[in-house]
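Encoded as C-alpha cells, the structure appears first; notes follow it.
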Amino acid sequence: MNKFFKDKWVGILFLLAFSLISLILFLILLISKLHSKELSNNLKNDKSLILLIGDGMGLPIISAWDYYKKDSIDNKYSILDGFDGTFLVRTRSKDKIITDSAAAATAYATGYNVDNYQVGLINNNQRVKTIMDLAKDKNKSTGIVVLCTLTHATPAAFYAYSSKRSDEQFIANQLIYSNIDVAIGGGHKYFKNLIPKFKQKGYTILENIYQINELKNNKQKINEINKLLAFLSENHPPKQSERNYKLAELSELAINLLSKNPNGFFLMIEASQIDWYGHDNLFKDQINEMKDYEETIKFLLSYYKTNRNVLILTLGDHDCGGLTLIDYNASKFDDNFKINYSSNYHTSEHIPAFYKGTINYQIKPIVNNTEIFYIMKSFLIDN
Ligand SMILES: [Zn+2]
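All the letters of the sequence shown, read from the start, carry residue numbers 311 to 693 under this note's numbering.
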C-alpha cells in the first residue's frame, strides 16, 4: 500500500471513530434529558381533589335511596357502587358524641376536633390552615359549591373561623381572605356590602341564578373569567322540587373554571339539604335531595373517566333524623314503604365514605372524622 492510500484509510478510520463517539455522546445527552424531564414530571404536583359532602347523609338515607331508585325510579341501584372503595367514619365532635355540621366540617377541613357550633380553629392567634389553604399554598385553585348560604357551617369551616356558626356576617367578611377562586351558593344578603371589595380583587360577581345560567352556556366567558363569586339566592336556595337548576350543573361550571389551572384544584361541593329534611322528617324531600346528589356523582364519575389525576371523595358529615326502614312485609320500596324517624336532630351513627381514585394512604375500616383531612392532604398536598 502506498503512502497516499495509507493516509486515506487513517483519515477514514479517524472520521468513523469521531462520528461514533459523537453519536454516543449525543445519545447519552438525549437519554439524560428525557430522564430529567420524566423526573420533573413526576415531581410536579398537578393533582385535583373533589370532596362531595352530603350533609346529614347517614347510611339509612343512602340505603333508602338505593332501594327507592331501583324499585320506584329506573330499575337500577344507586351509582354509589361505581366507586373504588368505602370505609366508615366516626362522627363525634370534641365535646359531644352527636356532632353538628360546624364541628364535623372543621374536622374534615383542618384535621382538628372542635366543640359543636364552632367553625374553624384559632391557634397561636392565627386561623389553623384548612385543606383549601394548603391547596392555595401549592398554587392550586380552590372552590366551593353549596346549596345553602356560602356562610353556612359546612362551607364556612373551609375558609373561616367563628366560635359561633350563627354569626354568618362575621363569616362572610372572611371569605375574601381565603383567596378562593370559585364560590357558588346562597346568602347574597351577607355579601352585598362586600361586593366592591371582591370586584377590586378581580372577581366576576353573578347576583342571581339567571346570570349563572347564562355563564354556564358561554364557553368564551368561562375562559375569560379569573375568579367567580356567584349567588343562587338571597338566603338559602329552595328545595329540590322548587329549584330549576341542578347541583351537577353548578359543579360542572365550577370545574370548568378551576381546571384551567395546570397545578390542579380543590373543590368542596355540598348537597346541603339532605340534612334539613332529615330534621323535618320529610322523607320525599330527602329522597329528592338524594336524586340531585346522585346526578352530581354521575357527572363527577364521568369527569373522572378523562381526568385520572383526580380523587373524588364523597361522604356525609353525620346522620340525621334516625331514619329506619321497617316495612317487614314489603317486597319493594315505593312511596308506601313504611319508614320511621326517631329524632329531629342528628344521630351518632358512623357514616360511610366512598372514594374514586388512587389513594396511597392506609385507610382503616373505621376512621375518625379528623382523618379525612389527612387522607385528602396525603393525596393533594404531599407528593
Ligand atoms: Zn343538621
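Just so you know, even glycine gets a beta-carbon here, dropped at the ideal spot from N, CA and C.
(request) Flag this pair as yes or no: are the beta carbons of S403 and N433 separated by less than 8 Å? (result) no
(message) Assuming D410 and N385 are in contact, meaning their beta carbons sit under 8 Å apart, how far apart are those beta carbons, in whole angstroms?
(response) Not confirmed; about 38 Å, so no contact.
(request) Measure the Cβ-Cβ separation of I408 and H656 and say whether it is below 8 Å. (result) yes
(request) Please state whether DSSP places T680 in a helix, a strand or coil. (result) coil
(request) Assign D637 to one of three DSSP states: helix, strand, or coil. (result) In this structure, DSSP gives D637 a state outside helix and strand, which the three-state scheme calls coil.
(request) Output the boundary residues of the alpha helix (DSSP H) element that contains S476. (result) Careful: S476 lies outside any alpha helix (DSSP H) and carries neither H nor E.
(message) What residue range does the beta strand (DSSP E) around E599 cover?
(response) Where E599 is concerned, there is no enclosing beta strand (DSSP E), although the alpha helix (DSSP H) it sits in stretches over 593 to 616.
(message) Within a Cβ cutoff of 6 Å, which residues of the same chain sit near L623, ignoring the five residues on either side of it in sequence?
(response) Taken in chain order, the residues that qualify are L361, Y665.
(message) Here's the rule I'm using: 16 or more other beta-carbon atoms within 10 Å means buried, otherwise exposed. How should E348 be labelled?
(response) At E348, the pLDDT of 49 sits below 50, so the modelled position is not reliable and the matter cannot be decided from this model.
(request) State the CB to CB distance for the pair P662 and L398, rounded to an integer number of angstroms; the pair is presumed to be in contact (CB under 8 Å). (result) At roughly 6 Å, the Cβ-Cβ gap stays under 8 Å, so P662 and L398 are in contact.
(message) Counting C-beta neighbours from all protein chains within 10 Å, is the total for K696 16 or more, i.e. buried, or is it exposed?
(response) Residue 696 lies beyond the stretch modelled for the chain, which goes from 311 to 693, so this question has no answer here.
(message) Can you confirm whether the stretch 482 to 498 touches the stretch 461 to 470 when touching is taken to mean that 3 or more C-beta pairs between the two stretches lie within less than 8 Å?
(response) They touch, by the three-pair rule.
(request) For my contact list, M367 and I682 are in at a C-beta cut-off of 8 Å; report their separation, rounded to the angstrom. (result) Actually they do not touch by this definition, with Cβ atoms about 14 Å apart.
(request) Grab the span of the alpha helix (DSSP H) containing F393 for me, first residue to last. (result) Run containing F393: none; DSSP gives neither H nor E here.
(request) Between the Cα of S652 and those of T668, T634, K642, A640, spot the shortest distance and give me the residue it belongs to. (result) Distance from the Cα of S652 is smallest, within the candidate group T668, T634, K642, A640, for T634.
(message) For the stretch 540 to 557 against the stretch 373 to 391, do three or more pairs of beta-carbon atoms, one drawn from each stretch, fall closer than 8 Å, so that the two count as touching?
(response) no
(request) List the residues that DSSP assigns as beta-bridge partners of T459. (result) Note: T459 sits in a beta bridge opposite G496.
(message) Could you tell me the alpha carbon to alpha carbon distance between N670 and S358, rounded to whole angstroms?
(response) 15 Å
(message) Let me confirm a value: D447 is counted as buried when at least 16 other C-beta atoms fall within 10 Å, else exposed. Which label applies?
(response) Classification for D447: exposed.
(request) Please find out if some non-hydrogen atom of ligand 1 comes closer than 7 Å to the beta-carbon of H589. (result) yes
(message) Can you find the residues in the same chain that come closer than 6 Å, C-beta to C-beta, to Y500, ignoring five residues on each side of it along the sequence?
(response) T461, E478, Q479, A482
(message) Below 7 Å, is the gap between the Cβ of C458 and the nearest heavy atom of ligand 1?
(response) Outside the cutoff, so no.
(request) Please confirm whether any heavy atom of ligand 1 lies closer than 7 Å to the CB of D585. (result) yes
(message) So, at 6 Å on beta carbons, what are the nonlocal neighbours of T440 in its own chain, with the 5 sequence-adjacent residues on each side left out?
(response) A419, T420, F468
(request) Counting only runs of 3+ residues fully inside the stretch 392 to 433, write out the beta strand (DSSP E) ranges in chain order. (result) 395 to 400
(request) Keeping to the same chain, check which residues put their C-beta closer than 8 Å to that of T606; ignore five residues upstream and five downstream. (result) L362, K556, L557, A558, S561, I579, A581
(message) I want to check one thing, is the minimum distance from the CB of G366 to the heavy atoms of ligand 1 below 7 Å?
(response) Yes; taking the cut-off as 7 Å, the Cβ of G366 has a heavy atom of ligand 1 nearer than that.
(message) Using DSSP's beta-bridge definition, name the partner residues of N619.
(response) Beta-bridge pairing links N619 to no other residue.
(message) Quick check on Y651: does DSSP put it in helix, strand or coil?
(response) coil
(message) Cutting at 8 Å between CB atoms, please list the residues of its own chain near K674, excluding the five before and the five after it.
(response) F397
(request) Drop a sphere of 10 angstroms on the beta-carbon of Q721, count the other beta-carbons inside from all chains shown, and report buried for 16 or more, exposed for fewer. (result) Residue 721 is absent from the structure shown; the chain starts at 311 and stops at 693.
(request) Would you kindly work out how many angstroms separate the C-alpha atoms of P547 and V456, rounded to a whole number? (result) 9 Å
(request) Tell me whether the beta-carbon of G392 lies closer than 8 Å to the beta-carbon of L567. (result) no
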